[in-house]
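Numbering (the UniProt record's numbering), first residue to last: 1 to 466. Backbone N, C-alpha and C define an ideal beta-carbon position, used for all residues, glycine too. For reference, the structure is listed below as structure tokens.
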């Protein structure tokens, strides 16, 4: 158990360092109403110091029990006694060679910890990681904020450490870290599928194993609400404990499902390591570029006939606040994160001012499959399920812990529309001036879809006239 102690005029320092220097060890004593009382005695009474199973600690088991810290304002060393005073309440030692230390009892529910933590964020130079790092800097619950990335990030109040999340040497960069927030995930539609999966899955695996090796107590990471799958029989909204029914098909959702599996297995493989997963809705905000943002870059909104999508968005500022909140609170996930409620297709069209292009399901899926097979579009046909069927999630579980989204769905969607201004795409393939090949692909996809829609309209008119 690592605690913080202010001894006389000395600065705040880990209690285990003090114990080792003075040849002392912690001995469990008793629980009191709001405090855990433990004793400190000379190390000479025992061959070596170790954590005894069952020792009460100031946070729940597996959630930074070994890295808990006490606020230096709550503990003062009495210079004329062998006691420690906590909030003015002196506790005399039971034996002349012992010193009593009072440690706050475990937080209940979603209450924020009183101990200040050292928190590291991976992928800190990317849009989400930078948001998280900025929120950690100067936070009352953060002792030190550490940015981990191969690209340098200079933020006031943030310590930069060069680190590759796929390198096992990452464990060395996690020294003295209490919590790791993993945001180094590639969601770009343009990345080669195999390279993207290798980056995402290996990165998550390395972060989890390195965190365990370094003695980190908790890892917080995010996947997506896509892992629930989009189906016509989905309840609206989905609960956090709903089964993960998405199909791993080589797309990004397959990466998310594998990360979910790693997160579930990690605490079993590494006792003492806690893993919390956040599952955001459709991400929006500055710098966000995904298959969903590109869906709205098309000349017209593709709508599959008789489908009833529910659009729920999550601004990256809300995701960042959710990641920080769960990292600093004594809560257990998984958690869905996003704006409360959802928007219907009609509302999305009204807000965006876009016109729809409606196709029968068989034609839409068939065209998308052929275009993907010809490498004209990066998104597999199965991704169309997410613009056809509902997968909105309830955020009540995270809200019950004290978190609240700052953006409504309409506001988050407006942020998406602002970000995609000047961009044009079809089925996630962007038409760009600097990439002729990509441009031809996007143009071909657009022509194929518009042409298919025209044929459908012509057939309908012919049936009516006949």
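Helix or strand or just coil, what does DSSP make of residue i?
i	result
residue 240	coil
residue 413	helix
residue 395	coil
residue 149	strand
residue 382	helix
residue 88	Bear in mind that a pLDDT of 35 at residue 88, under 50, signals an unreliable position, so the number given afterwards is only what the model happens to contain. In the structure shown, residue 88 sits in coil (DSSP, three-state: anything other than H, G, I, E or B).
residue 132	helix
residue 366	helix
residue 374	coil
residue 329	strand
residue 343	strand
residue 408	coil
residue 292	helix
residue 351	helix
residue 319	helix
residue 418	helix
Could you tell me which residues DSSP puts in a beta bridge with residue i?
i	result
residue 388	Answer is none; residue 388 lacks a bridge partner.
residue 358	303
residue 313	282
residue 122	148, 182
residue 117	142
residue 160	147
residue 335	278
Taking the alpha-carbon of residue i as reference, which of the options has the nearest alpha-carbon?
i	options	result
residue 482	209, 321, 134, 408	This structure does not reach residue 482, given that the chain is present from 1 up to 466, and the question cannot be answered.
residue 283	359, 346, 293	293
residue 153	177, 126, 174, 170	126
residue 255	323, 185, 231	185
residue 281	208, 116, 223	223
residue 304	314, 275, 385, 348	385
residue 365	337, 307, 398, 196	307
residue 207	138, 169, 190, 188	169
residue 236	340, 406, 369	340
residue 473	194, 220, 164, 165	Since the first and last residues shown for the chain are 1 and 466, residue 473 lies out of range.
residue 257	296, 416, 167, 279	279
residue 164	156, 202, 189, 197	202
residue 350	375, 276, 413	413
residue 335	233, 318, 193	318
residue 148	261, 421, 174	174
residue 399	338, 232, 179, 162	338
residue 181	131, 347, 421	131
residue 411	347, 270, 139, 240	347
residue 298	354, 362, 145, 363	354
residue 167	137, 139, 200, 136	200
residue 395	225, 363, 190	225
At a cut-off of 7 Å, would you count residue i as near the ligand SAM, judging by its Cβ distance to the nearest heavy atom?
i	result
residue 212	For the structure depicted, the ligand SAM is absent and the ligand set is empty, with no information on it obtainable.
In chain order, what residues of the same chain lie with their CB nearer than 7 Å to the CB of residue i, ignoring the 5 residues before and after it?
i	result
residue 176	118
residue 309	345, 387, 388, 389, 390
residue 288	127, 316, 419
residue 171	210, 213, 214
residue 187	252, 290
residue 262	204, 205, 208
residue 356	300, 301, 303, 349
residue 232	389
residue 260	223, 227, 244, 277
residue 242	228
Might you give, ordered along the chain, the residues of its own chain that have their beta carbon closer than 6 Å to the beta carbon of residue i, omitting 5 neighbours on each side?
i	result
residue 229	245, 246
residue 343	311, 409
residue 437	Reliability of the predicted coordinates at residue 437 is poor, the pLDDT of 39 falling under 50, and the value obtained from them is presented with this limitation in mind. Nothing listed; no residue qualifies.
residue 129	121, 123, 183
residue 238	228, 393
residue 197	255
residue 333	276, 277
residue 151	125
residue 250	193
residue 369	381
residue 285	315, 316, 415
residue 325	403
residue 248	254, 257
Apart from the five residues on each side of it in sequence, which residues of its chain come closer than 8 Å, Cβ to Cβ, to residue i?
i	result
residue 417	296, 351, 352
residue 406	315, 317, 318, 321
residue 137	145, 155, 156, 157, 158
residue 179	64, 117, 118, 119, 120, 216, 217, 218, 219, 220, 327, 328
Which runs of the beta strand (DSSP E) at least 3 residues long sit entirely within the region 165-193? Give them in chain order.
179-182
Restricting to runs no shorter than 4 residues, where is the alpha helix (DSSP H) found entirely within the region 232-287?
252-269
Jot down the residue ranges of each uninterrupted beta strand (DSSP E) in the region 194-233, minimum 3 residues, whole runs only, in chain order.
218-222
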